[in-house]
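J.:
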Amino acid sequence: LSMSGPWHGAGAVTRLREVCADDGPANAPLRELANTLHFCVGKVPSHALQTIVPDYPGLLDLVDVARPYVTAVMCGDTPIGIPGPVSPGLAAIGHVFNLTLPHDGLLELSSCQAVKDPCVWGRTPESPFYYGSMNHADTSGRNGDFFHKALQPLEWVK
Numbered sequence: 001l002s003m004s005g006p007w008h009g010a011g012a013v014t015r016l017r018e019v020c021a022d023d024g025p026a027n028a029p030l031r032e033l034a035n036t037l038h039f040c041v042g043k044v045p046s047h048a049l050q051t052i053v054p055d056y057p058g059l060l061d062l063v064d065v066a067r068p069y070v071t072a073v074m075c076g077d078t079p080i081g082i083p084g085p086v087s088p089g090l091a092a093i094g095h096v097f098n099l100t101l102p103h104d105g106l107l108e109l110s111s112c113q114a115v116k117d118p119c120v121w122g123r124t125p126e127s128p129f130y131y132g133s134m135n136h137a138d139t140s141g142r143n144g145d146f147f148h149k150a151l152q153p154l155e156w157v158k
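If you count by my numbering, then the sequence shown holds residues 1 to 158, one letter each, in order.
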């Protein structure tokens, strides 16, 4: 099972390292946003985010190790996702950091899908390889399910 797995890393984290560390006024709004989203801990990205920078040692090797064992994958392809408190922040991060579309506000879809590419992806929670109109927070179940099939991460986990 892989839920928004960063198999090729998350390029946004490379930029978040700079935002967290920079006390300058130019980065103040982004730093405030990153702190609100719990991406920064003091002047560094959270430990979880530090491990998904694209150049993290061994990260790219994990795809080959995991591929035979991963039987289901869920990915999001929009930073807006299920309307919730982090949706605007993830949309801002994706826009300011110029993430390649489609992305979930932190992770580009191609990185999430890399563990099972190629395969048949579906936009309903009945599909074992599910990608929907969800953001990074949605795929962790934080915002529950929504009405549309492309917005039902908890249903997919069942």
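Yeah, the Cβ is synthetic: ideal placement off N, Cα and C, and Gly gets one too.
Computed from a prediction, not measured in an experiment: that's the story for all the values here.
(1) Is V205 helix, strand or coil by DSSP?
(2) Are the CB atoms of A92 and S2 nearer to each other than 9 Å?
(3) Looking at the unbroken beta strand (DSSP E) that takes in C75, where does it start and where does it end?
(4) Compute the distance between the beta-carbons of L59 and H8, then report whether it is under 9 Å.
(5) Rounding to the nearest angstrom, what Cα-Cα distance links P54 and G11 in this structure?
(6) Starting from the C-beta of R123, find all residues in its chain whose C-beta is less than 7 Å away, skip the five residues before and the five after it, and write them out in chain order.
T.: The relevant details are as follows:
(1) Nothing can be reported for residue 205: it is not among the residues displayed for the chain, which extend from 1 to 158.
(2) In the sequence shown, the residue the question calls residue 92 occupies position 92. In the sequence shown, the residue the question calls residue 2 occupies position 2. For the 9 Å CB-CB criterion, A92 and S2 do not form a contact.
(3) Residue mapping note: residue 75 aligns to position 75 of the sequence shown, counting from 1. Segment V73 to G76, the beta strand (DSSP E) holding C75.
(4) To locate residue 59, count along the sequence shown from 1; it is residue 59. To locate residue 8, count along the sequence shown from 1; it is residue 8. It is a contact, given that the beta carbons lie within the stated cut-off.
(5) In the sequence shown, counting from the first residue as 1, residue 54 sits at position 54. In the sequence shown, counting from the first residue as 1, residue 11 sits at position 11. Per the coordinates, the alpha-carbon of P54 lies some 6 Å from the alpha-carbon of G11.
(6) Against the sequence shown, residue 123 aligns to sequence position 123. The residues are Y131, G132, K149 and A150.
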